[in-house]
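Student: Mind having a look at this structure? Questions to follow.
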Amino acid sequence: MKSKTYDVAVVGAGVFGAWTALHLAKRGRRVLLLDAYGPGHSRSSSGDESRIIRMGYGADEIYTRWSQSSLIEWKELFAATGNTVLFQKTGVLWLAEAANPQLQSSKEVLLRNGVTFEEIDRQTLACRYPQINLDGIANAIYEPESGVLLARRTVATVVAEALRLGADFRLASIAGPQGSGVLENIKAGSGEIFSAGQFVFACGAWLAKVFPELLGGRIFPTRQVVFYFSVPAGNERFSPPALPTFLVKNDECYGMPDLESRGFKIAIDRHGGPVDPDTQSRMVSEAEVREIRQCIAYRFPALANSTIAETRVCQYENTSSGDFLLDRHPEMANVWLAGGGSGHGFKHGPAVGAYLAGQILDRAVPEPRFMLHSKETVQRRRVY
Ligand SMILES: Cc1cc2nc3c(=O)[nH]c(=O)nc-3n(C[C@H](O)[C@H](O)[C@H](O)COP(=O)(O)OP(=O)(O)OC[C@H]3O[C@@H](n4cnc5c(N)ncnc54)[C@H](O)[C@@H]3O)c2cc1C
């Protein structure tokens with residue numbers, strides 16, 4: 003029996019692939035979405051409980067604008083599907099030392115783009131957030147409309163919506179395509195073949211393995227560890243609205259309040275060591291526990307002796323700069339590369355999907371920052 007031919011096959015059902023499939027399905031295309039393990043599975047970068055959506059991006063205005071448009075689209079999707087709980091408007095609090103360049107330039111960009119934010123002085127911070135030790139903090143901005151996306155459940159919602167609009171989903175591990183010219187089909191590990199007019203590879207940290215020669219030296223997967231700490235019994239100081247989502251530039255840490263009673267989430271944003279997403283251990287090490295305990299004892303002293311409720315080991319799929327990779331394959335005219343979320347991509351899922359649909363269907367002018375030629379083989383992180 004001849005298998006169905008699709009307009010577009012999207013390989014990878016993380017947040018980038020799911021939103022790309024949804025945008026293409028909304029535009030009436032026959033879409034096949036495939037994933038080796040399932041949408042938003044626990045080892046994918048999109049598979050944690052929660053991800054921050056914030057507007058501040060320093061001088062990198064394109065990401066501020068994409069966050070703005072994405073938040074609108076996320077909310078529309080949640081409203082349409084009866085899932086408004088999937089966006090938690092906790093507010094986002096940025097804390098930094100004096101003259102932190104990212105905060106300075108964020109203020110200008112937020113103002114220019116009409117994002118509501120508040121500058122908060124030390125005295126007000128101390129009154130509002132007595133649960134935070136403010137040593138070394140001189141600068142703060144608060145984004146009241148920003149917050150948290152309940153990540154793996156939002157991916158499931160995006161995929162369900164794409165299927166409702168006619169897309170198909172298959173569990174399949176797809177081999178990296180070889181050769182050049184026009185790709186006619188892709189092959190699963192089971193031997194099954196899927197045909198389509200265009201192919202999008204949105205494979206997260208696996209992109210480097212699917213295209214080893216092209217991307218092996220351009221996507222840098224790093225180990226990233228996340229902790230959920232128990233909060234004191236009967237104490238509301240670590241829940242919203244008393245505590246917003248926070249990013250502390252001084253300590254390179256970020257986290258969020260106790261959402262859905264899963265615990266106070268905290269992690270270090272610094273890149274961990276290089277990893278293979280298939281083989282890295284998902285257990286936290288004693289050294290990682292020691293580091294986060296030092297951080298929490300210093301910044302949130304009331305939690306110094308809290309028990310660890312849950313942990314999660316994941317990976318960032320970094321490009322050299324932190325800019326996304328959204329581009330056509332240089333040798334295969336109908337193959338698209340989508341990834342390089344670099345530790346900040348989740349929130350942008352809607353904008354990424356719209357951008358790729360525009361590239362594929364409308365031949366829209368590409369943004370140079372997202373193109374393959376701008377991805378270097380040495381990491382120099384610029385985007386935070
Ligand atoms: C600890 C941590 C914290 C983060 N915090 C934030 C945050 O607060 N805010 C934010 O906006 N972003 C954040 N990010 C970044 C964000 O989560 C990622 O950029 C985003 O989830 C990447 O999505 P993706 O779809 O590109 O990749 P993934 O979610 O990894 O999806 C890729 C999918 O491709 C599939 N796949 C791979 N190879 C194949 C194949 N050969 N065949 C079939 N399927 C295949 C995989 O199974 C996987 O499901 C964070 C990331 C981490 C790790």
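If you want our numbering, it's the 1-based position in the sequence shown plus 2. For glycine and all other residues, C-beta sits at the position ideal for the given N, C-alpha and C. Source: prediction; values computed, not measured.
Quick one: does the C-beta of Trp208 sit closer than 7 Å to a heavy atom of ligand 1?
Tutor: Trp208 Cβ: within cutoff of ligand 1.
Student: From the DSSP output, in three-state form, read off Met373 for me.
Tutor: In this structure, Met373 counts as coil in the three-state DSSP scheme.
Student: Within 10 angstroms of its Cβ, does Val12 collect 16 or more other Cβ (buried), or is it exposed?
Tutor: Burial call: buried.
Student: Is it buried or exposed, Pro243, if we count other Cβ atoms within 10 angstroms and call 16 or more buried?
Tutor: By the 10 Å Cβ count, Pro243 comes out exposed.
Student: Flag Arg53 as yes when its Cβ comes closer than 7 Å to any non-hydrogen atom of ligand 1, and as no otherwise.
Tutor: Yes; taking the cut-off as 7 Å, the Cβ of Arg53 has a heavy atom of ligand 1 nearer than that.
Student: Going by CA-CA distance only, name the one from Tyr131, His25 and Ala81 that's closest to Ser241.
Tutor: Among Tyr131, His25 and Ala81, the Cα nearest to that of Ser241 is on Tyr131.
Student: Alpha carbon to alpha carbon, how far is Leu127 from Gln226?
Tutor: Looking at the two C-alpha atoms, the distance is approximately 29 Å.
Student: Flag this pair as yes or no: are the beta carbons of Ala142 and Trp96 separated by less than 8 Å?
Tutor: It is a contact, given that the beta carbons lie within the stated cut-off.
Student: Leaving out five residues on either side along the sequence, give the residues of the same chain with a beta carbon under 8 Å from the beta carbon of Val33.
Tutor: The residues are Tyr8, Asp9, Val10, Ala11, Val12, Ala23, Leu26, Ala27, Ala164, Gly168, Ala169 and Asp170.
Student: Assess, as a yes-or-no matter, whether the segment 294–303 is touched by the segment 323–333 under the definition of 3 or more beta carbon pairs within less than 8 Å.
Tutor: No: fewer than three Cβ pairs fall under 8 Å.
Student: I want to know whether the segment 310–320 touches the segment 205–223 - three or more CB-CB distances under 8 Å.
Tutor: Yes: at least three Cβ pairs fall under 8 Å.
Student: Pop quiz: Glu145 and Val117 are said to be a contact at Cβ under 8 Å. What is the actual Cβ separation, rounded to whole angstroms?
Tutor: Between Val117 and Glu145 the Cβ distance is about 7 Å, and since that is below 8 Å, they are a contact.
Student: Looking only at its own chain, which residues have a Cβ that is under 7 Å from the Cβ of Glu186, when we skip the five neighbours before and after it?
Tutor: The answer, listed in chain order, is Ser197.
Student: Taking all protein chains shown into account, decide if Arg56 is buried (16 or more other Cβ within 10 angstroms of its Cβ) or exposed.
Tutor: Arg56 is buried by the Cβ-count criterion.
Student: May I ask whether a heavy atom of ligand 1 can be found less than 7 Å away from the beta carbon of Ser48?
Tutor: Yes, ligand 1 has a heavy atom inside 7 Å of this Cβ.
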